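What follows is a short report on a single structure.
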Amino acid sequence: MLQVKHLTITHRKDLTTLVEDLNFVLGPGDRAALIGEEGNGKSTVLKLLYDPALVAPYAEWQGEISPAGLVKGYLAQELTEEERALSAGRFARSCPAFRAAGAGELHRLCQRLGLDAQLFHACRPMSSLSGGERLKLRLALLMLEQPDVLLLDEPSNDLDLPGLQALERFLLSCPVPVLYVSHDEALLSRTANLIVHLERLHRRTTPRCTVARGGYQAYMEQRQAAFHRQEQLSRKEHAEFDAKMEKFRQIRSKVEHQQNTISRQDPSGGRLLKKKMHAVQSMGRRFEKEREDLTPMPVWEQAILTAFDPERSAVPSGKAVLRLDLQRLTAGDRVLSEGVRLWVTGPEKVGIIAPNGAGKSTLLRRVAEELLQRPDIRAAYMAQDYREQLLGDLTPVELLSPSGRKEDVTRARTLLGAMKYKTEEMEHPAEGLSGGQRAKLLFLSMVLQGSNVLILDEPTRNFSPLSAPVIRGVLSAFPGAIISVSHDRLYLAQVCDRLLALTPQGLIPTEL
10 MLQVKHLTIT HRKDLTTLVE DLNFVLGPGD RAALIGEEGN GKSTVLKLLY
60 DPALVAPYAE WQGEISPAGL VKGYLAQELT EEERALSAGR FARSCPAFRA
110 AGAGELHRLC QRLGLDAQLF HACRPMSSLS GGERLKLRLA LLMLEQPDVL
160 LLDEPSNDLD LPGLQALERF LLSCPVPVLY VSHDEALLSR TANLIVHLER
210 LHRRTTPRCT VARGGYQAYM EQRQAAFHRQ EQLSRKEHAE FDAKMEKFRQ
260 IRSKVEHQQN TISRQDPSGG RLLKKKMHAV QSMGRRFEKE REDLTPMPVW
310 EQAILTAFDP ERSAVPSGKA VLRLDLQRLT AGDRVLSEGV RLWVTGPEKV
360 GIIAPNGAGK STLLRRVAEE LLQRPDIRAA YMAQDYREQL LGDLTPVELL
410 SPSGRKEDVT RARTLLGAMK YKTEEMEHPA EGLSGGQRAK LLFLSMVLQG
460 SNVLILDEPT RNFSPLSAPV IRGVLSAFPG AIISVSHDRL YLAQVCDRLL
510 ALTPQGLIPT EL
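Every letter in the sequence shown is one number past the one before it in the numbering used here, and letter 270, counting from 1, is 279.
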């Protein structure tokens, strides 16, 4: 059992309070989903629970995490550069539990996770594996350590559809408690039985923590219903109070008028009016106290994402956006697919699906190479690994206003503010931001460029389940063309009007 009492986390650089007075208990059978907007401290909480030394360089904390000696299995959101450079075999052998495991145990674990057992001995660098292959391998090694509790940071990010189904089965049958972050709403709805919700209200200055027993969908519905009831009650009470205040103002105005017009030859009338004014003032003080007891309007953190300009981002109907014919799609000396034909006409929205390792990202990079050079379109590419595009120590403002001109800097700050970046976060190096915040940066860059063709590799993978519906709505309404790879079932259903499966024999039409 993992118990967290009065946990408060503060960012060292700007003294921002990320989490305040978080309390929960994780016991047998618990599958707790840690949810919240991008940058609200979800990954920091997981790191802290696993090893406080991981957050010591940038955060301070108070509270109690017990019991001591609990064996915790932690799955980080990303590998380090050193780990990415290792071969898959060396990465596996670096785990003592793997070296001690028997063949039967490894076989059962591979079957449970849908993992190719050959990856335990592969010579390919970890960086060359697909995101899903990396994640399955890391999760398998983690389970070999026989932890008492699992802390998983976005385990669903890079899984294909069969992999997501395998992860669902794994979570539902996991013998130890699990606390996990995921952006897959379907996974949350099917697996979570405890919700830990981190919010930052009032322009991201006031943290709020909510812990609720029950499923994700029920939590969201009950939360929305509670907000609706509170809003209705607040409006009713304020309307009744405003009506009383209007009558009060009329009475006060009448007494003031009588005081101003009474004759000085009527002292008894003056004394009576003075008593009336005292009574009116007393009534006013009672009303002011009553105002403090009115039900407040509900406060919640809303996801905000700026929209594309419908005129700049439109692609004429029927325009040839892409005519790609590849005899072979290769990665190094491996042939991934043959006879690949991808023709896209504006303003189509194409979704490409395939198992992990089939070559989806490789194909999308090939598409980007061709379209980014085209002068007749404004193409933008969002890679799966943001480090390909957000390199160095540039801040969000610097990335969005490379010219450095005052008007460009002002516009960048305005857009970042609209997406709830605090001033301090605008000045943080982008590489230190959360995955979701970096994803927002890439989308803002596309908006500023007036892009009309989007090449998106897992566009919703780092958006919280609260932001994901917003991003799906923005992309569904996008008037240009989209060529995307995704395992997000809701994204594929709501945004894409054509689905293709990448197979060894090329791209073939498919359905979910």
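Even for Gly, the Cβ is constructed at its ideal location relative to N, Cα and C. On a predicted model such as this, the values are computed, not experimentally measured, just so you know.
Would DSSP call Ile260 helix, strand or coil?
-> Walking along the sequence shown from the start, residue 260 turns up at place 251. DSSP places Ile260 in helix when its eight states are reduced to three.
Please check the pair Thr53 and Ala68, which I expect to be a contact at CB under 8 Å, by giving their CB distance rounded to whole angstroms.
-> Within the sequence shown, the letter at position 44 stands for residue 53. Within the sequence shown, the letter at position 59 stands for residue 68. The Cβ separation is near 6 Å, so the contact holds.
Exposed or buried, which one is Ser454 when buried takes at least 16 other CB atoms within 10 Å?
-> The count along the sequence shown starts at 1 and reaches residue 454 at position 445. Ser454 should be labelled buried.
Three or more C-beta pairs closer than 8 Å, one from the region 173-190 and one from the region 367-386: is that the case here?
-> no
Compare the beta carbon distance of Glu46 and Ser495 with 8 Å and say whether it is the shorter of the two.
-> On the sequence shown, position 37 is the one that residue 46 refers to. On the sequence shown, position 486 is the one that residue 495 refers to. No. Outside cutoff.
Gln71 versus Val13: straight-line alpha-carbon distance, rounded = In the sequence shown, the residue the question calls residue 71 occupies position 62. In the sequence shown, the residue the question calls residue 13 occupies position 4. Cα to Cα, the separation comes out at about 11 Å.
Over the uninterrupted beta strand (DSSP E) stretch that includes Gly360, give me the two end residues.
-> Position 351 of the sequence shown, counted from the first residue, corresponds to residue 360. From DSSP, the beta strand (DSSP E) with Gly360 extends over 358-362.
Inter-residue Cα distance where the pair is Leu160 and Asn49 = Numbered from its first residue, the sequence shown carries residue 160 at position 151. Numbered from its first residue, the sequence shown carries residue 49 at position 40. Cα to Cα, Leu160 sits roughly 17 Å from Asn49.
So the alpha helix (DSSP H) Thr89 belongs to, where does it begin and stop?
-> As a first step, residue 89 must be located in the sequence shown, where it is residue number 80. Per DSSP, Thr89 belongs to no alpha helix (DSSP H) and is neither H nor E.
Proximity below 8 Å, CB of Val324 to CB of Gly172 | Counting from 1 along the sequence shown, the entry for residue 324 is found at position 315. Counting from 1 along the sequence shown, the entry for residue 172 is found at position 163. Contact: no.
Among Glu194, Leu516, Pro384, Gly360, nearest to Leu333 - alpha-carbon criterion = The residue you call residue 333 lines up with position 324 of the sequence shown. Minimum Cα distance to Leu333 is reached at Leu516.
Arg470 lies in the beta strand (DSSP E); which residues open and close that run?
-> For the purposes of this step, residue 470 is taken as residue 461 along the sequence shown, with counting starting at 1. Where Arg470 is concerned, there is no enclosing beta strand (DSSP E), given that its DSSP letter is neither H nor E.
For Val418, I'd like the list of residues in its chain whose CB is within less than 7 Å of its CB, leaving aside the five on either flank, ordered along the chain.
-> One-based indexing of the sequence shown puts residue 418 at position 409. Answer for Val418: Val406, Ser410, listed in chain order.
Tell me the DSSP bridge mates of Cys218?
-> Residue mapping note: residue 218 aligns to position 209 of the sequence shown, counting from 1. The partner list for Cys218 (beta bridge, DSSP) reads Leu207.
How many Å lie between Lys358 and Val187 at the Cα?
-> For the purposes of this step, residue 358 is taken as residue 349 along the sequence shown, with counting starting at 1. For the purposes of this step, residue 187 is taken as residue 178 along the sequence shown, with counting starting at 1. C-alpha separation (whole angstroms): 36 Å.
If you draw a straight line from the C-alpha of Thr215 to the C-alpha of Met391, how long is it?
-> Against the sequence shown, residue 215 aligns to sequence position 206. Against the sequence shown, residue 391 aligns to sequence position 382. Looking at the two C-alpha atoms, the distance is approximately 32 Å.
Residues bridged to Leu465 by DSSP?
-> Start at 1 with the first residue of the sequence shown, and residue 465 comes out as number 456. DSSP, once it has assigned bridges, lists Met391, Ser493 as partnering Leu465.
Under three-state DSSP, which class holds Val54?
-> Walking along the sequence shown from the start, residue 54 turns up at place 45. Helix, per DSSP.
4-residue-minimum alpha helix (DSSP H) runs that sit fully inside the region 14-59, ordered along the chain = 51-59
Contact set for Leu381: own chain, Cβ-Cβ below 7 Å, skip 5 residues either direction | Within the sequence shown, numbered from 1, the residue matching residue 381 stands at position 372. Cβ neighbours of Leu381 beyond the five flanking positions: Ala388, Tyr390.
What residues in its chain sit with their C-beta under 6 Å from that of Ile362, if we drop five residues either side in the sequence?
-> Stepping through the sequence shown from its first residue, residue 362 is reached at position 353. Ala510, listed in sequence order.
In angstroms with no decimal places, state the Cα-to-Cα distance between Arg258 and Glu230.
-> Locating residue 258 in the sequence shown gives position 249, where the first residue counts as 1. Locating residue 230 in the sequence shown gives position 221, where the first residue counts as 1. The alpha-carbon atoms of Arg258 and Glu230 are separated by roughly 41 Å.
Taking Pro438 as the reference, give the member of Ile464, Leu403, Leu338 with the closest Cα.
-> Locating residue 438 in the sequence shown gives position 429, counting from the first residue. Nearest option by C-alpha distance: Leu403.
Pull up the distance between the alpha-carbon of Thr519 and that of Asp193, whole angstroms please.
-> The residue given as residue 519 occupies position 510 in the sequence shown. The residue given as residue 193 occupies position 184 in the sequence shown. Each residue's alpha carbon lies about 21 Å from the other.
Which residues in the same chain as Gln305 place their Cβ atom closer than 7 Å to its Cβ, once the five residues preceding and following it in sequence are excluded?
-> Numbered from its first residue, the sequence shown carries residue 305 at position 296. In the sequence as displayed, the identity of residue 305 is Pro instead of Gln. Correct list, in chain order: Ser243.
Verify whether the separation of the beta carbon atoms of Leu128 and Leu148 is less than 8 Å.
-> Mapped onto the sequence shown, residue 128 falls at position 119. Mapped onto the sequence shown, residue 148 falls at position 139. The beta carbons of Leu128 and Leu148 sit no closer together than 8 Å.
Which of helix, strand or coil does DSSP assign to Thr200?
-> Looking up residue 200 in the sequence shown gives position 191. Residue state, collapsed to three classes: helix.
Helix, strand or coil for Ile386, going by three-state DSSP, please let me know.
-> Taking the sequence shown and counting its residues from 1, the one referred to as residue 386 is at position 377. If DSSP states are grouped into helix, strand and coil, Ile386 belongs with coil.
Should Phe487 and Ser322 be called a contact, given that it needs their Cβ atoms to be closer than 8 Å?
-> Here residue 487 refers to the residue found at position 478 of the sequence shown. Here residue 322 refers to the residue found at position 313 of the sequence shown. Taking 8 Å as the Cβ cut-off, Phe487 and Ser322 qualify as a contacting pair.
Backbone CA spacing between Pro37 and Val158 [nearest angstrom] | Stepping through the sequence shown from its first residue, residue 37 is reached at position 28. Stepping through the sequence shown from its first residue, residue 158 is reached at position 149. C-alpha separation (whole angstroms): 9 Å.
Taking C-beta to C-beta, are Arg93 and Pro134 nearer than 8 Å?
-> Residue mapping note: residue 93 aligns to position 84 of the sequence shown, counting from 1. Residue mapping note: residue 134 aligns to position 125 of the sequence shown, counting from 1. A contact, by the Cβ cut-off of 8 Å.
Hey, would you say Gly355 sits closer than 8 Å to Val376, going by beta carbons?
-> The residue given as residue 355 occupies position 346 in the sequence shown. The residue given as residue 376 occupies position 367 in the sequence shown. With contacts defined as CB atoms closer than 8 Å, Gly355 and Val376 fail to qualify as a contacting pair.
Express the C-alpha separation of Cys132 and Asp39 in angstroms, rounding to a whole number.
-> Translated into positions along the sequence shown, residue 39 becomes position 30. Translated into positions along the sequence shown, residue 132 becomes position 123. In a straight line, the C-alpha of Asp39 is about 37 Å away from that of Cys132.
Close-in-space but distant-in-sequence residues of the same chain around Asn32 (CB under 8 Å, 5 per side omitted) = Translated into positions along the sequence shown, residue 32 becomes position 23. Excluding sequence neighbours, Asn32 sits near Val13, Lys14, His15, Leu16, Cys218, Val220.
Identify the residues that DSSP records as bridge partners of Pro325: which are they?
-> Here residue 325 is taken as the residue at index 316 of the sequence shown, counted from 1. Pro325 is not bridged to any residue.
In chain order, what residues of the same chain have a beta carbon less than 7 Å from the beta carbon of Ala85, not counting five sequence neighbours either side?
-> In the sequence shown, counting from the first residue as 1, residue 85 sits at position 76. Excluding sequence neighbours, Ala85 sits near Asp162.
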